[in-house]
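Enquirer: First the structure, which I've put down as structure tokens, then a few questions once you've had a look.
Number of protein chains: 2
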Amino acid sequence: MFSFSEENYLKAIFHLERKYQAGVSTNALAEEMETKASSVTDMIKKLSEKDLVIYKKYQGVKLSELGKKTAIEVIRKHRLWEYFLVEKLNFNWDEVHDVAEQLEHIKSEKLTRELDAFLGFPKRDPHGDPIPDAEGNFSVANKVLLSELGKEEKGICVGVRDSSSDFLRFLDKNNISLGKEIKVLEKEAFDGSMLILIEERQLRISQLISNNLYIKKH
Amino acid sequence: MFSFSEENYLKAIFHLERKYQAGVSTNALAEEMETKASSVTDMIKKLSEKDLVIYKKYQGVKLSELGKKTAIEVIRKHRLWEYFLVEKLNFNWDEVHDVAEQLEHIKSEKLTRELDAFLGFPKRDPHGDPIPDAEGNFSVANKVLLSELGKEEKGICVGVRDSSSDFLRFLDKNNISLGKEIKVLEKEAFDGSMLILIEERQLRISQLISNNLYIKKH
DNA sequence: ACCTATTTTTAGACTTATCTAAATTTATTT
DNA sequence: AAATAAATTTAGATAAGTCTAAAAATAGGT
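Residue numbers (my numbering), protein chains in the order written: chain A, 1113 to 1330; chain B, 1113 to 1330.
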């Protein structure tokens, strides 16, 4: 099987492919992995030899089918463990990431399968991200960023784009959580901030906030 | 914190110290770790520099207080995860070892603490081994090997010495499990085999078997 | 106490994953 | 189209953990 490091690279490539809808450059990957471009090149060569990625010198990488399958398995495990930590072990949603980063590399098909069943085959992790099923299928919700909503529009909060502890704790402090309805009352053209209505309370939030909250319009 | 490999060495030293009530030789450790003596020497030096073991050239090693504490933490996690796998995820007791070997290295105090609580602070793992509590305390049961029992003696099956899949499946096949009463009906001096009574059934078992089953006499 | 066998350590090498610094390729600008 | 800038790769080094083979230390038998 694959090393922790290899799995982490695959995951990173997967996320970057989604984000930019394109092949992934060495530098982009270096930034995502918080490492140097030269290290990335080395690793890419290894992944390429194992047929996990398609690579041509100077042309960036993309995942092969095997690489994609492997990446999705790791993401599936990550999100299942996050769900487990929050639902069963009293973790807050801002505390799960680092532990799930470790747990996602545990190798045992039975473990993943049984954990999934034990949790009741959850569809989304605590941050609203979809959990791939055993076949690697997952739904992509028709969500938009809160910042894309116009005045008087409303929807349900369904996910976060940034899942850093700082951002999540900000949301906690302001009683914003997944499943709640948000209505845009005002939008400030100057700085992109908006006044929103959530559970009968009015709240002014900066564009940085609205840019990191996913909404399902209705 | 410590690497997987360092933690595995500490665990092995801990088990060997218990087993032989003495310092641990390089060769014994090499055998336990399924590696070469030269690799062991290298690792011991590293552990010694980190004050995890007390080491004098050619004199074997023993755990320092810190090393012992660390080893017990790893063992605690290993056994908690085994309990989790069996009680919550439908693993059989012969399937848990390899997965627990991976899970025992996950670093998160909160995870261990919450897992323990979630499981109801179990005292013993699926093989009957004691689970250390958060302070590292654990009870050592007054158990004996079944082979040490004489004719007409009886007791409760409380643990296994060998937890290999082969042995555990043999026990399953013969309906021997922890908590059941076993009575020695006959003991064969020649080959050490014995005829036992378990749940109204008579069963003849070899000395290899009786040498690997722990009994609490009564 | 000496010789031999066993155990343990050292020396040097290999692999994985990383780094810095230099070289090369690609992209951009004039 | 040449010159410059940016991105990428190569070369060589490092650290962790392992190995083989050789050297050194300890233990045992007479």
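Glycine residues also receive a C-beta, built at the ideal position from the N, C-alpha and C atoms.
Does the Cβ-Cβ distance between Q1319(B) and S1305(B) come in under 9 Å?
Expert: Here residue 1319(B) refers to the residue found at position 207 when the second sequence is read from its first residue. Here residue 1305(B) refers to the residue found at position 193 when the second sequence is read from its first residue. In this structure, S1305(B) lies closer than 9 Å to Q1319(B) by Cβ.
Enquirer: Would you mind giving the Cβ-Cβ distance between I1268(B) and I1327(B), rounded to the nearest angstrom? I have them listed as a contact below 8 Å.
Expert: Here residue 1268(B) refers to the residue found at position 156 of the second sequence. Here residue 1327(B) refers to the residue found at position 215 of the second sequence. Right, their Cβ atoms sit about 7 Å apart.
Enquirer: If you run the structure through DSSP and keep just helix, strand and coil, what is K1255(B)?
Expert: Along the second sequence, one-based indexing puts residue 1255(B) at 143. Of the three classes helix, strand and coil, the one that applies to K1255(B) here is coil, per DSSP.
Enquirer: In its own chain, which residues sit with a C-beta less than 6 Å from the C-beta of I1156(B), not counting the 5 before and 5 after it?
Expert: Position 44 of the second sequence, counting from 1, holds the residue named residue 1156(B). So the qualifying residues of the chain are Y1167, V1173.
Enquirer: Spell out whether any CB of chain A is found under 9 Å from the CB atom of M1194(B).
Expert: Start at 1 with the first residue of the second sequence, and residue 1194(B) comes out as number 82. Per the sequence shown, residue 1194(B) should be read as Glu rather than Met. Not an interface residue.
Enquirer: Buried or exposed: which applies to F1302(A), given that a residue is buried once 16 or more other Cβ atoms fall within 10 Å of its Cβ?
Expert: Here the question's residue 1302(A) lines up with position 190 in the first sequence. Per the 10 Å Cβ criterion, exposed.
Enquirer: Should E1199(B) and T1224(B) be called a contact, given that it needs their Cβ atoms to be closer than 9 Å?
Expert: Translated into the one-based positions of the second sequence, residue 1199(B) becomes position 87. Translated into the one-based positions of the second sequence, residue 1224(B) becomes position 112. Result no, Cβ atoms of E1199(B) and T1224(B) do not sit closer than 9 Å.
Enquirer: Could you give the distance in angstroms between the alpha-carbon of L1178(B) and the alpha-carbon of K1219(A)?
Expert: Against the second sequence, residue 1178(B) aligns to sequence position 66. Against the first sequence, residue 1219(A) aligns to sequence position 107. Going by the C-alpha atoms only, they are around 30 Å apart.
Enquirer: Measure from the alpha carbon of H1330(B) to the alpha carbon of each residue in S1259(B), S1115(B), N1254(B), then state which is nearest.
Expert: Start at 1 with the first residue of the second sequence, and residue 1330(B) comes out as number 218. Residue N1254(B) is the option with its Cα nearest to H1330(B).
Enquirer: Alpha carbon to alpha carbon, how far is D1278(A) from F1126(A)?
Expert: Numbered from its first residue, the first sequence carries residue 1278(A) at position 166. Numbered from its first residue, the first sequence carries residue 1126(A) at position 14. Whole-angstrom Cα-Cα distance: 25 Å.
Enquirer: Can you confirm whether the region 1194-1212 of chain A touches the region 1203-1216 of chain B when touching is taken to mean that 3 or more C-beta pairs between the two stretches lie within less than 8 Å?
Expert: The answer is no - the region 1194-1212 of chain A does not touch the region 1203-1216 of chain B, with fewer than three Cβ pairs under 8 Å.
Enquirer: Looking at D1284(A) and N1105(A), is the spacing between their C-beta atoms short of 9 Å?
Expert: Residue numbering for chain A in the displayed model covers 1113 to 1330; residue 1105(A) lies beyond these limits and cannot be assessed.
Enquirer: Quick one: using the 10 Å Cβ neighbour count with 16 as the cut-off for buried, is K1123(A) buried or exposed?
Expert: The sequence position of residue 1123(A) within the first sequence is 11, counting from 1. K1123(A) comes out buried.
Enquirer: Just the C-alpha distance for K1263(A) and N1323(A), rounded to the nearest angstrom, thanks.
Expert: Numbered from 1 along the first sequence, position 151 holds the residue referred to as residue 1263(A). Numbered from 1 along the first sequence, position 211 holds the residue referred to as residue 1323(A). Cα-Cα distance, rounded: 15 Å.
Enquirer: Following the continuous beta strand (DSSP E) through V1173(A), name the residue where it begins and the one where it ends.
Expert: Translated into positions along the first sequence, residue 1173(A) becomes position 61. Residues 1173-1175.
Enquirer: State yes or no: is the beta carbon of I1218(A) nearer than 9 Å to at least one beta carbon in chain B?
Expert: Residue numbering aside, residue 1218(A) sits at position 106 when the first sequence is read from its first letter. Chain B contact via Cβ: present.
Enquirer: Assign G1271(A) to one of three DSSP states: helix, strand, or coil.
Expert: Position 159 of the first sequence, counting from 1, holds the residue named residue 1271(A). The answer is strand: DSSP assigns G1271(A) an E or B state.
Enquirer: Measuring alpha carbon to alpha carbon, tell me which of L1197(B), G1232(B), E1247(B), E1221(B) ends up nearest F1230(A).
Expert: Taking the first sequence and counting its residues from 1, the one referred to as residue 1230(A) is at position 118. Taking only the C-alpha atoms, the option nearest F1230(A) is L1197(B).
Enquirer: On a CA-only basis, which of P1238(A), E1260(A), T1182(A), I1310(A) is nearest N1249(A)? Give me that one, please.
Expert: For the purposes of this step, residue 1249(A) is taken as the residue at position 137 of the first sequence. Answer by Cα proximity: T1182(A).
Enquirer: Taking Cβ positions, are D1245(B) and R1191(B) nearer each other than 9 Å?
Expert: Your numbering for residue 1245(B) matches position 133 in the second sequence. Your numbering for residue 1191(B) matches position 79 in the second sequence. Result no, Cβ atoms of D1245(B) and R1191(B) do not sit closer than 9 Å.
Enquirer: Report the three-state DSSP secondary structure of K1299(B) (helix, strand or coil).
Expert: As a working note, residue 1299(B) is residue 187 in the second sequence. Three-state result, K1299(B): strand.
Enquirer: Kindly list the residues whose CB is nearer than 7 Å to the CB of N1286(A), restricted to its own chain and excluding five residues on each side of it in sequence; keep chain order.
Expert: Stepping through the first sequence from its first residue, residue 1286(A) is reached at position 174. Here the set comprises L1315.
Enquirer: For L1290(B), which of helix, strand or coil comes out of DSSP?
Expert: By one-based count along the second sequence, residue 1290(B) stands at place 178. Coil, per DSSP.
Enquirer: DSSP puts Q1314(A) in a beta bridge; with which residues?
Expert: Mapped onto the first sequence, residue 1314(A) falls at position 202. In the DSSP output, where bridge partners are listed per residue, Q1314(A) has L1309(A).
Enquirer: When the cut-off is 9 Å and only beta carbons count, does E1226(B) lie next to chain A?
Expert: One-based indexing of the second sequence puts residue 1226(B) at position 114. It does: the Cβ of E1226(B) has a partner Cβ on chain A nearer than 9 Å.
Enquirer: Whole angstroms are fine: how far does the CA of G1232(B) sit from the CA of V1136(B)?
Expert: As a first step, residue 1136(B) must be located in the second sequence, where it is residue number 24. As a first step, residue 1232(B) must be located in the second sequence, where it is residue number 120. If I take the Cα positions, the gap works out to 35 Å.
Enquirer: Cβ closer than 8 Å: which chain A residues qualify as neighbours of V1198(B)?
Expert: What you label residue 1198(B) is simply residue 86 of the second sequence in a count that begins at 1. Residues of chain A passing the Cβ test: none, with the nearest at roughly 11 Å.
Enquirer: Any beta carbon of chain A sitting closer than 9 Å to that of E1207(B)?
Expert: Translated into the one-based positions of the second sequence, residue 1207(B) becomes position 95. Yes, contact with chain A.
Enquirer: Helix, strand or coil: how does DSSP classify Y1170(B) here?
Expert: Residue numbering aside, residue 1170(B) sits at position 58 when the second sequence is read from its first letter. Residue state, collapsed to three classes: coil.
Enquirer: Would you mind working out which of T1147(A), M1145(A), W1193(A), E1119(A) sits nearest L1227(B), comparing C-alpha positions?
Expert: Locating residue 1227(B) in the second sequence gives position 115, counting from the first residue. That would be W1193(A), whose Cα lies nearest to the Cα of L1227(B).
Enquirer: I'd like the span of the beta strand (DSSP E) that includes K1328(B), first residue to last.
Expert: Here residue 1328(B) is taken as the residue at index 216 of the second sequence, counted from 1. Segment 1325-1329, the beta strand (DSSP E) holding K1328(B).
Enquirer: Since I believe L1128(A) is in contact with E1144(A) (beta carbons under 8 Å), could you give me their beta-carbon distance rounded to a whole number of angstroms?
Expert: Taking the first residue of the first sequence as 1, we reach residue 1144(A) at position 32. Taking the first residue of the first sequence as 1, we reach residue 1128(A) at position 16. With a Cβ gap of about 6 Å, E1144(A) and L1128(A) count as contacting.
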